[in-house]
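Asker: Supplied in structure tokens, the structure appears directly below.
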Amino acid sequence: MISKLPAAGDRAVLSKLFSDGNSSPFPIIPILLGTLLMLMLAGCAGPAPYAYHYIPGRTAVLDNGLAVAPPAAPEAVRTAIAAGNRIAGLPYAYGAGHGQGIDRAYDCSGAASFILEATGKLESPIPSKAFRQYGESGRGEWIDIYARRDHVFLVVAGLRFDTGWTHGSKGPQWSTLGRPAKGCVIRHPPGL
């Protein structure tokens, strides 16, 4: 044990203190900074990507591009699926779907708003960014909202409703294909 601190220029004593021969009295700082940086970057990654997982009785299925509600789904979820089916296959148009009733085309937030308005969980259409604060934080029991500043998509009874990442034409449609969720927050309508 060393009873007194070595002088700043005493490299022989310092080299005994640090097995790697580094004369820096603070070799741990780069390690701590690196660890801190990794933790910060991990927090920026966002939630895990969406992946379809079929659970009998609880997961919607696709039938010719339309969603079929699972038997255990509550009425609000059946209504959400019926609303999505009404606009599935319509074209994509930026800013579309933010009026009253059915539009000729939809963007992502217009499509998500249409479904949530049908369930009575949203009063009027909102933009993607606003979905980041909508409803309650975290996954819901039946409906999840994946929202980032410039895009939003829904997962209703396990089935994704989105305007992109579908390997088909852009526009609102149901899909079982996986989708990255980088930058998204996950929220859900109250009670769903």
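Take the sequence shown: its position 118, counting from 1, is numbered 1334 in the working numbering, and each next residue is one higher.
For every residue, glycine included, the Cβ atom is placed at its ideal position computed from N, Cα and C.
Are there 16 or more other CB atoms within 10 angstroms of the CB of S1346, so buried, or fewer, so exposed?
Answerer: The displayed chain sequence assigns Ala, not Ser, to residue 1346. Exposed, since its Cβ has fewer than 16 Cβ neighbours within 10 Å.
Asker: Go ahead and label H1404 buried or exposed: buried means 16 or more other beta carbons lie within 10 angstroms of its beta carbon, across all protein chains shown.
Answerer: buried
Asker: Which ranges does the beta strand (DSSP E) cover as unbroken runs of at least 3 residues, wholly within the region 1265–1289, from first to last along the chain?
Answerer: Correct list: 1277–1279 and 1282–1284.
Asker: Note down, one range per segment and in chain order, each beta strand (DSSP E) of at least 3 residues found wholly within the region 1296–1367.
Answerer: 1359–1364
Asker: Relative to the C-alpha of A1373, which residue among R1365, V1277, R1348 and A1264 is closest?
Answerer: V1277
Asker: For V1371, list the residues DSSP reports as bridge partners.
Answerer: D1360 and R1376
Asker: Looking at C-beta atoms only, is the number of pairs between the region 1328–1338 and the region 1296–1314 that lie closer than 8 Å three or more?
Answerer: yes
Asker: Contact defined as beta carbons within less than 8 Å: I believe A1327 pairs with P1388. What is the distance between those atoms, to the nearest angstrom?
Answerer: 4 Å
Asker: Taking the beta strand (DSSP E) that W1390 belongs to, which residues open and close that run?
Answerer: Q1389 to S1391
Asker: Hey, quick one: how far does the beta strand (DSSP E) through R1395 stretch, first residue to last?
Answerer: R1395 -> no beta strand (DSSP E), and no H or E assigned at all.
Asker: Going by Cα to Cα distance, which pick from Y1266, G1407 and A1289 is closest to S1353?
Answerer: G1407
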